[in-house]
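The number in the numbering used here is simply the position in the sequence shown, starting from 1, with 167 added. From the three backbone atoms N, C-alpha and C, an ideal C-beta is built for every residue, glycine too.
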Amino acid sequence: MYRLYKNDNQNPKELEKMINLIKNNVDCSKDIINRIDNFLETKQLPKSILDALITQRNACAVTVMNFNRVINQI
Numbered sequence: 168m169y170r171l172y173k174n175d176n177q178n179p180k181e182l183e184k185m186i187n188l189i190k191n192n193v194d195c196s197k198d199i200i201n202r203i204d205n206f207l208e209t210k211q212l213p214k215s216i217l218d219a220l221i222t223q224r225n226a227c228a229v230t231v232m233n234f235n236r237v238i239n240q241i
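Written as structure tokens, this is what we have:
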């Protein structure tokens, strides 16, 4: 599933816990992105609220990309 680096100083269980936390964060961020997208498509909102939601959505998308990059390196 994940490529774990061999290192005598690492605790494999701690690494697995960290990976699971990252995966949960990615899943949560993806859910937020989907909810914001759905909300933007179905509601007429003022420009200031649209801008705030789009900014939050983009921040979540960057988080997902960065976490995926980290997971692929582990």
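The continuous alpha helix (DSSP H) containing Q223 extends over residues K214 to Q240. At the C-beta level, L220 and I203 come within 7 Å of one another.
A direct Cα-to-Cα measurement between N178 and Q223 gives close to 35 Å. Sorting I238, I241, K180 and C227 by C-alpha distance to the C-alpha of D198 places C227 at the top. In this structure, DSSP gives N187 a helical state, which the three-state scheme calls helix.
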